[in-house]
Structure formats: C-alpha cells, structure tokens
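Presented below is the structure to which this report refers.
2 protein chains.
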Amino acid sequence: MQVEIITIGDELLIGQVVDTNSAWMARELNKAGMFINRITSVSDGEEEILNAIREAASRSTIVLLTGGLGPTRDDITKAALCKYFKTQLVFNQQIMDDVETFLKHRVGHINQLNKDQALVPEKCDIIRNPVGTAPIMWFEESGLIVVSMPGVPTEMKHAMENEVIPRLKAKFTNGIVRHRTVHIFNIPEAVLAEMLSDWEDQIPAFLKVAYLPSPGKLRLRISGKGENAQQIESAIENAIKLLYPLVKENIFGFDDEKPESSLLNLLFSKDKTISCAESCSGGLMSHLITSVAGASNAFMGGVVAYSNNLKYNLLGVDSTSIEKYGAVSREVVEQMAKGACKRLGSDYAIASSGIAGPSGGTDEKPVGTVWLAWSDGEKVISRSFNFGNNRERNILRTAEAGIIIMKQLLERGTL
Amino acid sequence: MQVEIITIGDELLIGQVVDTNSAWMARELNKAGMFINRITSVSDGEEEILNAIREAASRSTIVLLTGGLGPTRDDITKAALCKYFKTQLVFNQQIMDDVETFLKHRVGHINQLNKDQALVPEKCDIIRNPVGTAPIMWFEESGLIVVSMPGVPTEMKHAMENEVIPRLKAKFTNGIVRHRTVHIFNIPEAVLAEMLSDWEDQIPAFLKVAYLPSPGKLRLRISGKGENAQQIESAIENAIKLLYPLVKENIFGFDDEKPESSLLNLLFSKDKTISCAESCSGGLMSHLITSVAGASNAFMGGVVAYSNNLKYNLLGVDSTSIEKYGAVSREVVEQMAKGACKRLGSDYAIASSGIAGPSGGTDEKPVGTVWLAWSDGEKVISRSFNFGNNRERNILRTAEAGIIIMKQLLERGTL
C-alpha cells in the first residue's frame, strides 16, 4: 500500500510558503507503518489539481491532499474534487452548525464566505473540523482513498491525528517501518562515512543508512522495514551499539531529542539551575532553552549583553579586560560565565561572545570567531571556534554548541 | 516554458527534513520571470528518480533536481541520470582538483568517497562547485534541460545564483511575473476576505489575489503576469493604494520585509536605541532583533527575567507589585519596560510577561495570557492579549506583537 501527499497552493509554487505539512505528515504516517511514495506540490489551478490526483491515483492507493479549502476565491480544491469524482456540491447543515459554533466568539458576524464552507461534495464522507471552518473530505471509490484537508498546519494536524491516521490504520495492516536517528556533532559527512564504512557492511542488509548533514552536525538515520517490529528494533539497537566505539564522544542525542531538552532533563535530575550570558548568540540560547515546556524549573534567566556597558553592569565583567583583550576573548567570555552564575543566581552558566558578521571582523579575529565558556561559578571552561562567514549560521551554531557542550560537561562530571 | 523542481532524498519522504530548497528556488526563478509548474519529492531510489524525471520531461522543458549527490552510499542521483541519458560515468580531472582544493584545509586526508565525486556522466556539461565537493551537472537533449544540483542549501543556492539562473535567462525570454505581498496584522482570513470583496472585483483581471494566513497575521499576495513589466507593476501598486483605506491600521509590512528590520531601520533613522525585557518570550524578541545584520547599532541588549528575582535585581521591578498583582500583570510589565530603559541604558524598551504554557494557567489568567509594554523611559503603553494554548505559538506571537506594535508606536509618534 502506497501513500502520496499532494499539497495545493500557489504560495508553494512561488516559494512564499515552505511546505512543512508534508514532512510532519510523513513522520506521523511512518510511525503508523505507512510509507510515503511521493510528495507533489501544485498550484491552485483546477487542471493542475486534477492531473496531480489522476497521476497519484495511478501509483498509490491513498492520496492525501492539503490546502485550497479556505473561504476565499483562490481556493478551488473542492471544485476539482467534484470534477474528479463526478459529483456536485450540496449544503450540509451539520457543517453549517459547526462553522457557526466555531466562529461565534471569533468574528462579529458570519459572512457568505464562511457559510459556503457548508457546501460539500455529495459523494464523500465528511469529517468534522473542530479547530477551523473547512471540513475534511474522505472519498473512497474503487479501492482508491482520497482525503482532502485544510492547509493550515494546526487544522491538518488535528484531522490527521484524530481521524485520518486512525481510520487508515483500521483499514490497512502494513509492513512495519522503524527509524532511529543518531545526532553526531562536529564530524564532516565524508569523514564520518569513511569511519563507518566497515560498520555499514557489518549491519544487516534490511537496515538502510542515510547521512543528513546540517551546519556543524549530522544526523545518521538507520531505517528498517519488515514484518517483525521486535526484530527490526533490536537490529537497529545493535547497529547503534556497534556505532558507539567509533564515534562515542561525538554522539549528542537521538531521534527528535533536542539538546536543550536533554540539558534541562539533566539539570532537573540534579536539581540544579542554569542561566545564559549571551553576546553574539543574541538571545537564541535563552530562546532554545525556554522553548522547552517546564524550562522555568531550571532556567533562571539570561542577559543579552550586546553593548559592552551591559557586560560590565549586568555581568560584572572587568572593563580593563575588554580594553586589553577585546570583547571577543577568552578572558571576557570566562568572566561573563562566572558573572552570570553570581548575578543571575544560577548553579551553572553558558556564555558567548563572537563576531556574527557580516561586519566587525579583523585579520586577527575574522567574522565567525566565537568564544564560548561554561561555568559553575568557580570553575570555568572555555573554547574558541570559527563558524564561518554567515551571520544566521554563526548565531545558530554558537547557541547550539553552547548547549550541547554544557550537556556533555555535566554528563562527564567535568562541571 | 515550464520549470519543474524535483527534490531527491529519503529524508524528505520520511519527514526528517523539510524541503526548504524548493521555496527558495521558486522565489529566485520567479524574479527571473520563470514560473514553477510543479514540485515533486521522491526517495533515493533509482526507479523513483527515473520516473520523476520522465514525467517532468513530459510536461516541462526545464527540470531542476536537488539532492542525492553526496559522497555516501545512499546517494544515487548520478546513476539515475546516466540511465536516463544513456551515458556512463567518466573521471574528470578538473573536478578532482576542485575537490582537493576544497578539502585541503577541512579534512585530514581525502578519501575514496571524496574522490568518487570526480566521476561524472560523460554526456553533460559540468558546472564547478566552489562551495562543496559535488559538481553541478547540466544535461541538454532534444529541447529538454535537466540540471542536477547538491541538496545542501548553500551549495544549491550558490549554483543557482551564479550559474543556473544566468544560463536559463540567457537561453529563454519569458512572460513577466511580479508579486507584491502585503502583511496584515490581527484580521482573520474570512473577515478580511469579506472586507476586500469589492476591492477584488475592482482590480484588473490579470491580477491574482491569494490569502496566506499564519498565526496572528496574514499575507495578502497580489500577483500579475503579462508582457509589460511596468504595466503589471503599476497595476499592483494601484491595487495596494486602493487597499489602504480598507485596512490601513493593520498593514505592517510588505514582501520579505521583516518587522524587526523595519523597527531597526526606524531606530537608525532617529538615532535611537532599544532594549528588551522578556519573561514569557524567553529571549526570542532579542533573537529576532539581533538576527538583523547591524542590529548592534541600535540594540543595547536584553534581559530574560524568567525568575522573579531577576525582575527585581536586573530590572528594578518593585517586589510588592509582583506579590500584589502577580508577575503577569499590567503593573509588572510596565515596570519591566521602564526599568529596561534605565538599567540597560536604551531610549526605548519592549517588555513581555505571560503564561506560555502548557502549565501555570489559572481561571483568572489562563495559559496564553500575555502582557506587553512599550516605553521611552518616561511614558509607558501596555496591552494584554490571549494567544491561546500552544507554547511555541504563544512565544512567537508575543515576540512578534512586541516588535510590530513598537514599530507602529514609533511611526505614529505615540512614543
């Protein structure tokens, strides 16, 4: 059984919106043992939508559509579906009631565009949408299932989780797919691939390995498909065990685990607190940490000391050190980390100071030069990096390295 | 002339990676007057890649591929292209030299996987890649152009900007496409669509309008296609002029303009500085502002006062106010904003305090309750919101509202 995704919307084809729906849907369907065959994005044109459905139907038994169901004129997915399934729009009182309930406290009055949401193709099963006004449509004909969902991510996700995936699971039993992803820090792709060449030969043939590089880190994805979940899972676990002696120090996480969540869990278990003293990372380190629910149990706060004055006033950095060594230096970043523990009242602190660019670099300290420090208030460990010449990437790599290395220092008992 | 994009990689179909390449490529091609017909994502399977190329070639004259060119075993795009164009891999000394130059300072030694990058299909034009090791391949046969680029965004972008788009432009003259996007704050989609119904009838038929909603804001995209650039552009400008009386107060930007960039430009022009005092937005406001190159000319810094102690110690909030009104209150957020101007030495400050969730809500102040304040050190303006029950969205909407409203207050001379 093959599943295809078709995302509909001019905004996708002119690049104004990045299609994040497909990746989310693929992940959730995978967990349920369903495999995506192809993802297609087409414009809000009737012919384009019809062609995409026809082609998908020729390859796959399940076709999931998102988008083109809004109340506005540019949304024509319903019309295309009526044409494909040779049916017509009819008024549905239940949907009308749902739209009214949903909009009651949200808009002043319900207009004709809202009311038109209650017009639905006659030849489909309607799935109600409690988080929006566009109903979900489930078509089933000669062994083909086509489901049309709104493109708004929250509405699509609600429909998938609560209705579409449970219904598909009830209808089909499938081969089982399992993935594990190992996060590896600071080894370039080709170097890692060579280190792992023997390992790749050693693991069972039904496991597939993929290298997914991104700035400063790499995700190694190990996938298995088969009939026996336990067999696949233990083969994957074995493969990971064999991986450890090869890249141990550089493994910093698994699957969807985020370094900031792992760091916070470690702090919770030790009943310790942390703070951030940021210069070049500009608040991103605090943002990553506070993105995790419950962060307030361990995160005291942060200072974004962009100006040198704030490095003195809020973090207690010695002004002569800045004059002597410059703000981007071992001396200053170490004082920032120790100062943060004291002034922000935390057990540990991470500090950053660097030249994010595009300007501000010198021959001695080019753009991308970053100092990071980690402290427990007494001891302080620091390290310099050069992350290259892209501002966005420098900020991201600084914040991530600060968090990943803090976690490693705590795990190893160095701090 | 139609252009299609095919993105290749198992990671796309299992949802581990969001395809951001296509959106970027579509935007850049649009600027050059080329229109994307369809975007397809397929796995690293030879049959899948071949089928996708065959189908795209039947609809379009230009097919752009990204991905599957890495040095590791899971990358098989080159093999598929050899099959499609009935050719074979040959060794290319120039690519070998490029790979050696590129890797010289990056890896200890150049391994066989790196060297294999110099094996390229005989029947194509090779475009050198100065920012990576995988060469770009340009195939041209019976009126069909197929270009294969690496999936790593920086490498793809470099190839597109410097080689692929200039070559395509030189080869084809096209119809002209223009887009303008108007950013609108705080009006739900269906309400706006009704407000603009007459306006949509009034604008020329060759202009197309799309509503692109996202949390708390909406982008209205006006597109025109034709032969005369000036005619399209002035029709779009006219349409925007007609829009102003209808939604003026709520327009907060155009096209790729980000609110944080507009705010900084406004501050630069007034020679004024700003700081942030964040509680529930957790550093994101500072991060958004410092993402803009040159931010340090107006951004003094920020405090992420997650614990109440830091609200007293770093921002000078009166501890009795927190006891009396709670940390999420008009009184506290106003003191945070005024305190930030003073303690962080800035002309203006934005402050946030709220309940991001998932826990911490009460009947009186449910999850999503957010107070924001804007101050010039003397005057202070504050406003409460409820952004709903999703932590990520609460953090984002708090940070964005803080920045957008600060910009509006400065533009209107209220602060």
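Same order as they appear, the protein sequences are chains A and B.
Here UniProt numbering is used: the first residue of the first sequence is 1, the next is one more, and so on.
Here UniProt numbering is used: the first residue of the second sequence is 1, the next is one more, and so on.
Even glycine gets a Cβ: it sits at the ideal position worked out from N, Cα and C.
This one's a predicted model, so the numbers in the text were calculated from it and none came from an experiment.
For the region 353-383 of chain A, list every residue whose C-beta sits within 7 angstroms of some C-beta in chain B, in sequence order.
Pro-358
Check whether chain B comes within 8 angstroms of Thr-66(A), counting only Cβ atoms and requiring the distance to be less than that.
Here residue 66(A) refers to the residue found at position 66 of the first sequence. No - not a single Cβ of chain B is within 8 angstroms of the one on Thr-66(A).
When burial is assigned at 16 or more other CB atoms within 10 Å of the CB, is Leu-415(B) buried or exposed?
Here residue 415(B) refers to the residue found at position 415 when the second sequence is read from its first residue. The residue is buried, with at least 16 neighbouring Cβ atoms inside 10 Å.
Taking Cβ to Cβ, would you say Ile-6(B) is nearer than 8 angstroms to Val-42(B)?
The residue labelled residue 6(B) in the question sits at position 6 within the second sequence. The residue labelled residue 42(B) in the question sits at position 42 within the second sequence. Yes, the pair counts as a contact, with Cβ atoms nearer than the cut-off.
Inspect the CB distances between the region 193-209 of chain A and the region 149-162 of chain A and report whether three or more fall short of 8 angstroms.
no
The beta strand (DSSP E) spanning Lys-225(A) covers which residue range?
In the first sequence, the residue the question calls residue 225(A) occupies position 225. 217-226 is the extent of the beta strand (DSSP E) around Lys-225(A).
Which of helix, strand or coil DSSP assigns to Ile-187(B):
Position 187 of the second sequence, counting from 1, holds the residue named residue 187(B). It is coil, neither helix nor strand.
Identify each residue in the region 173-186 of chain A for which the Cβ-Cβ distance to at least one residue of chain B is less than 9 angstroms, and report them in chain order.
Val-177, His-179, Thr-181
Using alpha carbons as the reference points, say which of Lys-225(B), Met-300(B), Val-147(B) lies closest to Val-3(B).
To locate residue 3(B), count along the second sequence from 1; it is residue 3. Measuring from the Cα of Val-3(B), the nearest candidate turns out to be Val-147(B).
Please list, in chain order, all residues of the same chain as Ala-373(A) whose beta carbon is under 6 angstroms from its beta carbon, the five residues on each side excluded.
Position 373 of the first sequence, counted from the first residue, corresponds to residue 373(A). Val-333, Glu-334, Ala-337, Ala-351, Val-380, Ser-382, listed in sequence order.
Proximity winner among Lys-31(A), Gln-16(A), Leu-12(A), Glu-47(A), relative to Ile-39(A) (alpha-carbon distances):
Here residue 39(A) is taken as the residue at index 39 of the first sequence, counted from 1. When only C-alpha atoms are compared, the closest one is Leu-12(A).
Label Arg-59(A) either buried or exposed according to how many other C-beta atoms from any shown protein chain fall within 10 Å of its C-beta, with 16 as the threshold for buried.
Against the first sequence, residue 59(A) aligns to sequence position 59. Classification for Arg-59(A): exposed.
If you drop the 5 nearest sequence neighbours on each side, which residues of the same chain put their C-beta closer than 6 angstroms to that of Ile-289(B)?
Indexing the second sequence from 1 puts residue 289(B) at position 289. The residues are Glu-260, Ala-295, Phe-299.
Do you know whose CA, among Asp-19(B), Gly-9(B), Gly-33(B), Val-17(B), lies nearest Glu-227(B)'s CA?
Locating residue 227(B) in the second sequence gives position 227, where the first residue counts as 1. It is Gly-33(B).
Say whether chain A places a C-beta atom closer than 8 angstroms to the C-beta of Arg-221(B).
Your numbering for residue 221(B) matches position 221 in the second sequence. Chain A, which has a Cβ nearer than 8 angstroms to the Cβ of Arg-221(B), makes this yes.
Where does Ala-210(A) sit, in a helix, a strand or coil, going by DSSP?
Start at 1 with the first residue of the first sequence, and residue 210(A) comes out as number 210. DSSP places Ala-210(A) in strand when its eight states are reduced to three.
CB-CB length for Val-120(B) against Asn-92(B), believed under 8 angstroms
Residue mapping note: residue 120(B) aligns to position 120 of the second sequence, counting from 1. Residue mapping note: residue 92(B) aligns to position 92 of the second sequence, counting from 1. Their Cβ separation, rounded to whole angstroms, is 5 angstroms, which keeps Val-120(B) and Asn-92(B) in contact under 8 angstroms.
For Phe-299(B), return the contacting residues in chain A, with the cut-off set at a CB-CB distance below 9 angstroms.
Here residue 299(B) refers to the residue found at position 299 of the second sequence. Those within 9 angstroms of Phe-299(B) in chain A are Gly-282, Val-304, Tyr-306, Ser-307.
From this set, Val-164(A), Phe-387(A), Ala-327(A), which residue's C-alpha is nearest Ile-145(A)'s C-alpha?
Walking along the first sequence from the start, residue 145(A) turns up at place 145. The residue with the shortest Cα to Cα distance from Ile-145(A) is Val-164(A).
Distance, Cα to Cα, Val-177(B) vs Ala-210(B)?
Taking the second sequence and counting its residues from 1, the one referred to as residue 177(B) is at position 177. Taking the second sequence and counting its residues from 1, the one referred to as residue 210(B) is at position 210. Taking the straight line from one Cα to the other gives about 15 angstroms.
Taking the alpha-carbon of Ala-327(A) as reference, which of Gly-345(A), Gly-360(A), Ala-340(A) has the nearest alpha-carbon?
Your numbering for residue 327(A) matches position 327 in the first sequence. Residue Gly-360(A) is the option with its Cα nearest to Ala-327(A).
Tell whether a beta-carbon distance below 8 angstroms holds between Gly-354(A) and Asn-394(A).
Position 354 of the first sequence holds residue 354(A). Position 394 of the first sequence holds residue 394(A). A contact, by the Cβ cut-off of 8 angstroms.
Own chain, CB closer than 6 angstroms to Ser-375(A), minus 5 neighbours either side, in chain order:
One-based indexing of the first sequence puts residue 375(A) at position 375. Contacts found: Ala-337, Lys-338, Cys-341, Ala-349.
Among Ile-136(B), Ala-293(B), Val-304(B), whose alpha-carbon lies nearest the alpha-carbon of Leu-64(B)?
For the purposes of this step, residue 64(B) is taken as residue 64 along the second sequence, with counting starting at 1. Selected option, being the one with the closest Cα: Ile-136(B).
When we look at the beta-carbon of His-109(B) and count the other beta-carbons within 10 Å, is it buried (16 or more) or exposed?
Indexing the second sequence from 1 puts residue 109(B) at position 109. So His-109(B) ends up on the exposed side.
Along the chain, where does the alpha helix (DSSP H) that runs through residue 416(A) open and close?
In the structure as shown, chain A starts at 1 and stops at 415, and residue 416(A) therefore has no counterpart that could be examined.
Range of the contiguous beta strand (DSSP E) that encloses Ile-5(A)
By 1-based counting over the first sequence, the position of residue 5(A) is 5. Taken as a continuous stretch (DSSP letters only), the beta strand (DSSP E) holding Ile-5(A) covers 3-8.
Taking Tyr-84(B) as the query, report the chain C residues whose CB atoms sit under 8 angstroms from its CB, ordered along the chain.
Although the question refers to chain C, the structure presented lacks it and instead comprises the protein chains A and B.
Show which residues of chain B have a CB atom less than 7 angstroms away from the CB atom of His-287(A).
For this step, residue 287(A) is matched to residue 287 along the first sequence. Those within 7 angstroms of His-287(A) in chain B are Gly-282, Gly-283, Leu-284, His-287.
Can you tell me which residues form a DSSP beta bridge with Glu-278(A)?
The count along the first sequence starts at 1 and reaches residue 278(A) at position 278. DSSP lists Val-304(A), Ser-352(A) as partners of Glu-278(A).
May I ask which residues mark the beginning and end of the beta strand (DSSP E) holding Leu-144(B)?
Locating residue 144(B) in the second sequence gives position 144, counting from the first residue. From DSSP, the beta strand (DSSP E) with Leu-144(B) extends over 144-149.
Please list, in chain order, all residues of the same chain as Glu-237(A) whose beta carbon is under 7 angstroms from its beta carbon, the five residues on each side excluded.
As a working mapping, residue 237(A) is identified with position 237 in the first sequence. Correct list: empty, nothing qualifies.
Residues of the region 41-66 of chain B whose Cβ lies closer than 9 angstroms to any Cβ of chain A, in chain order
Ser-41, Val-42, Ser-43, Asp-44, Glu-48, Asn-51, Ala-52, Glu-55, Arg-59
Please name the residue or residues paired with Met-137(B) in a DSSP beta bridge.
Your numbering for residue 137(B) matches position 137 in the second sequence. Looking at the DSSP assignment, Met-137(B) forms a beta bridge with Ile-126(B), Ser-148(B).
If I follow the unbroken beta strand (DSSP E) through Arg-383(B), where does it start and stop?
In the second sequence, residue 383(B) corresponds to position 383, counting from 1. It spans 380-386 - the beta strand (DSSP E) in which Arg-383(B) sits, taken as one unbroken run.
What does the Cβ neighbour count give for Arg-397(A), buried or exposed, with the cut at 16 atoms within 10 Å?
Counting from one through the first sequence, the residue named residue 397(A) turns up at place 397. Buried, by the Cβ-count rule.
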